[in-house]
Amino acid sequence: MELLCSEVDPVRRAQTDPTLLFDDRVLQNLLTVEERYLPQCSYFKCVQKDIQPFMRKMVATWMLEVCEEQKCEEEVFPLAMNYLDRFLAVIPTRKCHLQLLGAVCMFLASKLKETIPLTAEKLCIYTDNSIKPQELLGPGRLIRVHERMNGAMYREILSANLLPSARALKMKRGWVFQHDNDPKHTARATKEWLRKKHFKVLEWPSQSPDLNPIENLWRELKVRVAKRKAKNITALEEICMEEWANIPTTVCGNLVKTYRKRLTSVIANKGYITKY
Numbered sequence: 033m034e035l036l037c038s039e040v041d042p043v044r045r046a047q048t049d050p051t052l053l054f055d056d057r058v059l060q061n062l063l064t065v066e067e068r069y070l071p072q073c074s075y076f077k078c079v080q081k082d083i084q085p086f087m088r089k090m091v092a093t094w095m096l097e098v099c100e101e102q103k104c105e106e107e108v109f110p111l112a113m114n115y116l117d118r119f120l121a122v123i124p125t126r127k128c129h130l131q132l133l134g135a136v137c138m139f140l141a142s143k144l145k146e147t148i149p150l151t152a153e154k155l156c157i158y159t160d161n162s163i164k165p166q167e168l169l170g171p172g173r174l175i176r177v178h179e180r181m182n183g184a185m186y187r188e189i190l191s192a193n194l195l196p197s198a199r200a201l202k203m204k205r206g207w208v209f210q211h212d213n214d215p216k217h218t219a220r221a222t223k224e225w226l227r228k229k230h231f232k233v234l235e236w237p238s239q240s241p242d243l244n245p246i247e248n249l250w251r252e253l254k255v256r257v258a259k260r261k262a263k264n265i266t267a268l269e270e271i272c273m274e275e276w277a278n279i280p281t282t283v284c285g286n287l288v289k290t291y292r293k294r295l296t297s298v299i300a301n302k303g304y305i306t307k308y
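Counting from 33, one number per residue, gives the positions in the sequence shown under my numbering.
Structure, rendered in structure tokens:
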């Protein structure tokens with residue numbers, strides 16, 4: 033009697049793409065883009081007031097242990113650390129939120145690099161349940177615009193945040209992107225960028241009632257921020273980021289569930305104000 037043992041790699045992998053691997057232009061373009069996103073090595077002196085280098089080392093060690101124990105792809109940890117450093121180089125962060133930030137970075141990196149990514153629930157267990165799954169998911173990313181917005185800046189924000197947010201929120205295939213008819217949104221370059229990325233965009237007629245649920249989220253954020261009474265612009269930005277992350281996913285879910293009622297109400301009122 034003969035026994036035949038055959039081990040099959042359980043990880044599903046894409047086929048080799050010769051364009052990505054053997055065309056030198058891809059590497060050169062990536063190296064050029066990388067320069068724009070390299071974090072400043074001095075952010076502990078310039079940006080962070082509450083976080084010290086040894087704290088970063090502690091959370092980095094924890095992140096590495098999680099990746100090793102979960103047998104993540106080798107690219108997950110360095111990508112997560114890259115996300116961590118890029119965030120800390122720009123946004124002042126409290127030390128009590130550092131582990132949450134590390135978990136979010138691993139969550140996003142795993143979504144990008146793993147065929148079976150880490151779940152929010154599993155990451156929360158590794159924090160001894162000091163953070164909740166809704167803190168990892170939330171309503172998506174909130175980005176501060178430091179200058180007057182233009183088309184190029186808008187496309188850069190979309191490039192850095194749209195797809196990662198969709199992955200982090202576990203959006204299924206077929207999701208639709210919505211923005212209004214602002215000139216930055218309807219510019220030919222923006223339309224071409226969205227087309228090349230194969231994003232499905234919701235048609236938005238001119239002079240239409242503003243039914244985007246984001247307006248309700250902005251109101252939710254304003255109410256929460258007003259209660260905190262920020263003393264300066266730096267504190268205001270920190271509070272906005274914190275309160276945005278604290279908005280429960282149930283709030284977003286309810287906005288989606290009531291959308292049909294909103295449409296019906298607007299039609300009944302012939303486009304005028306409704307209770308929504």
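Glycine included, C-beta positions come from ideal geometry on N, C-alpha and C.
- Query: Distance, Cα to Cα, L249 vs C156?
  - Reply: Position 217 of the sequence shown, counted from the first residue, corresponds to residue 249. Position 124 of the sequence shown, counted from the first residue, corresponds to residue 156. Each residue's alpha carbon lies about 25 angstroms from the other.
- Alpha-carbon spacing of T306 relative to V298, whole angstroms: Position 274 of the sequence shown, counted from the first residue, corresponds to residue 306. Position 266 of the sequence shown, counted from the first residue, corresponds to residue 298. Cα to Cα, the separation comes out at about 6 angstroms.
- Could you tell me whether the Cβ atoms of R187 and T151 are closer together than 8 angstroms? Here residue 187 refers to the residue found at position 155 when the sequence shown is read from its first residue. Here residue 151 refers to the residue found at position 119 when the sequence shown is read from its first residue. With respect to T151, R187 sits apart: the two C-beta atoms are not nearer than 8 angstroms.
- Closest by CA to T296, which one among F231, D55, L243? Here residue 296 refers to the residue found at position 264 when the sequence shown is read from its first residue. Looking only at F231, D55, L243, the smallest Cα-Cα distance to T296 is reached by L243.
- Message: Please list the terminal residues of the continuous alpha helix (DSSP H) segment that includes E66.
- Response: Taking the first residue of the sequence shown as 1, we reach residue 66 at position 34. It spans 56-68 - the alpha helix (DSSP H) in which E66 sits, taken as one unbroken run.
- Message: Residues in the same chain with beta-carbon distance under 8 angstroms from V177, minus the five sequence neighbours each way, listed in chain order, please.
- Response: Within the sequence shown, residue 177 is the residue found at index 145, counting from 1. Listed in chain order, the non-local C-beta contacts of V177 below 8 angstroms within the same chain comprise M185, I189, local neighbours out to five positions each way being set aside.
- Query: Opposite F209 in the DSSP bridges: which residues?
  - Reply: As a working mapping, residue 209 is identified with position 177 in the sequence shown. F209 is bridged to V233.
- Residues in its own chain within less than 7 angstroms of L174 by CB, not counting five upstream and five downstream? Here the question's residue 174 lines up with position 142 in the sequence shown. The beta carbon of L174 sits closer than 7 angstroms to the beta carbons of C272, M273, W276 from its chain, once the five residues preceding and following it are set aside; these are given in chain order.
- Query: Taking C-alpha atoms, which residue in R205, A92, I246, F231 lies nearest to Y115?
  - Reply: As a first step, residue 115 is located in the sequence shown; it is residue number 83 there, counting from the start. Comparing Cα-Cα distances from Y115 to each of R205, A92, I246, F231, the minimum goes to A92.
- Boundaries (first-last residue) of the alpha helix (DSSP H) holding P149: The count along the sequence shown starts at 1 and reaches residue 149 at position 117. That residue, P149, is in no alpha helix (DSSP H); it is neither H nor E in DSSP.
- If you run the structure through DSSP and keep just helix, strand and coil, what is N161? Here residue 161 refers to the residue found at position 129 of the sequence shown. DSSP places N161 in the coil class of the three-state scheme, outside both helix and strand.
- Message: Please return the same chain residues whose Cβ sits closer than 8 angstroms to the Cβ of L130, not counting the five positions on each side in sequence.
- Response: Counting from 1 along the sequence shown, the entry for residue 130 is found at position 98. Contacts found: I83, M87, R88, V91.
- Count the other C-beta atoms from every protein chain shown that fall within 10 angstroms of the C-beta of Y291, then say buried if there are 16 or more, exposed otherwise. Counting from one through the sequence shown, the residue named residue 291 turns up at place 259. Of the other Cβ atoms in all chains shown, fewer than 16 fall within 10 Å of the Cβ of Y291; this residue is therefore exposed.
- Item | Touching by the beta-carbon criterion (3+ pairs, under 8 angstroms), the region 141-150 and the region 119-126 | No: fewer than three Cβ pairs fall under 8 angstroms.
- Query: Where does I83 fall in DSSP's three states?
  - Reply: Within the sequence shown, the letter at position 51 stands for residue 83. It is coil, neither helix nor strand.
- Classify Y115 as helix, strand or coil using the three-state DSSP reduction. Along the sequence shown, read from residue 1 onward, the residue named residue 115 stands at position 83. Y115: helix per DSSP, three-state reduction.
- Query: Going straight from the alpha carbon of C104 to that of R118, what length do you get?
  - Reply: On the sequence shown, residue 104 is found 72 positions in, with the first residue counted as 1. On the sequence shown, residue 118 is found 86 positions in, with the first residue counted as 1. One C-alpha to the other measures close to 21 angstroms.
- Query: If you compare alpha carbons, which of P165, N193, P50, R205 is closest to G172?
  - Reply: The residue labelled residue 172 in the question sits at position 140 within the sequence shown. Among P165, N193, P50, R205, the Cα nearest to that of G172 is on N193.
- Message: Which of the three DSSP states is assigned to P245 in this structure?
- Response: The sequence position of residue 245 within the sequence shown is 213, counting from 1. Per DSSP, reduced to three states, the secondary structure at P245 is coil, with no helix or strand assignment.
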